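Structure, as structure tokens:
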């Protein structure tokens, strides 16, 4: 079993889902992103998704787009993702890298898998790679013992859900809505149905992302999901802060609120 799946099972045994925190590598700087991850873990994040800055982040909304654009302008590069993983991998939270596939192709699929495993990373969340085209990644992740997290959406057919469930390791990422990442006033009515359908298709762990921004929403989603993925609400704390220290303080506060929501999710249900 994967390290991420074991962690999710351990949290489930405690009666709660996981809080999965997305933060981009290189924002507000490469060292600053290390500080941000440490802050989020200390404040209650159970799993970390580290985003590799990319010039065409088609899944991401304006908040994350702005942050990764700044990271690229400030010199963040693919190798920095491995350096950040190495610095935060031993803090008690599995660290997955979220990336667009061209980045890994350019680096070399097996080479990136090898270096990610050596850095202590748990695996990859591949935003734009489908299992049908993932033979090279499946082989590399098997060779280096890495998780592979593929995505499902409300529009997926039963056949597609079965393929993703069979191909994923760690968890399946359920996109709660048809759209890009971003803070929303509600998560949407399709998320719970999608989780149920994905489990029925064979997935052992399903985490929900896109739209969660408050403790109340985290409690709502955590009542039926194995994990609650939050990105834009966390990244926005760093973007809006007048200073780096203010940003870290705000990040800790929002993460704590989300963690509290996740902790009461099962009792609320």
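Residue numbers (this note's numbering): 40 to 308. The beta-carbon is built from N, C-alpha and C at its ideal position, and this holds for glycine as well. Quantities reported herein were computed from a predicted structural model and do not represent experimental measurements.
- When DSSP states are grouped into helix, strand and coil, residue 95 belongs to the coil group.
- In the three-state scheme derived from DSSP, where H, G and I count as helix and E and B as strand, residue 55 is classed as coil.
- Runs of beta strand (DSSP E) with 3 or more residues, each lying fully within the stretch 152 to 184, are found at 162 to 165, listed in chain order.
- In the structure shown, residue 47 falls within a helical segment according to DSSP collapsed to helix, strand and coil.
- Between the alpha carbons of residue 128 and residue 114 lies a gap of roughly 23 Å.
- Secondary structure note for residue 75: its alpha helix (DSSP H) is the uninterrupted segment 69 to 81.
- Of the residues 232, 136, 239, 291, the one whose Cα lies closest to the Cα of residue 86 is 136.
- The count of Cβ pairs closer than 8 Å, one atom from the stretch 58 to 75 and one from the stretch 263 to 283, reaches three, so the stretches are in contact.
- In this model, residue 253 and residue 292 are separated by some 11 Å (Cα to Cα).
- For residue 283, the enclosing alpha helix (DSSP H) covers residues 283 to 302.
- When the five nearest sequence neighbours on each side are left out, the beta carbons in the same chain lying within less than 6 Å of the beta carbon of residue 139 are those of 93, 166, 167, in order along the chain.
- Taking a cut-off of 8 Å for Cβ pairs, the stretch 283 to 302 and the stretch 242 to 258 touch, as three or more such pairs fall below it.
- The continuous beta strand (DSSP E) containing residue 86 extends over residues 86 to 90.
- For residue 108, the enclosing alpha helix (DSSP H) covers residues 101 to 112.
- Residue state for residue 191 is assigned as strand, using DSSP reduced to three classes.
- Pairing residue 58 with residue 75 gives a Cβ-Cβ distance that is not under 8 Å.
- Non-local C-beta neighbours of residue 205 in its own chain, meaning closer than 7 Å and more than five positions away in sequence, comprise 241, ordered along the chain.
- Assigned with DSSP and collapsed to three states, residue 143 falls in helix.
- Where residue 237 is concerned, there is no enclosing beta strand (DSSP E), although the alpha helix (DSSP H) around it starts and stops at 229 to 239.
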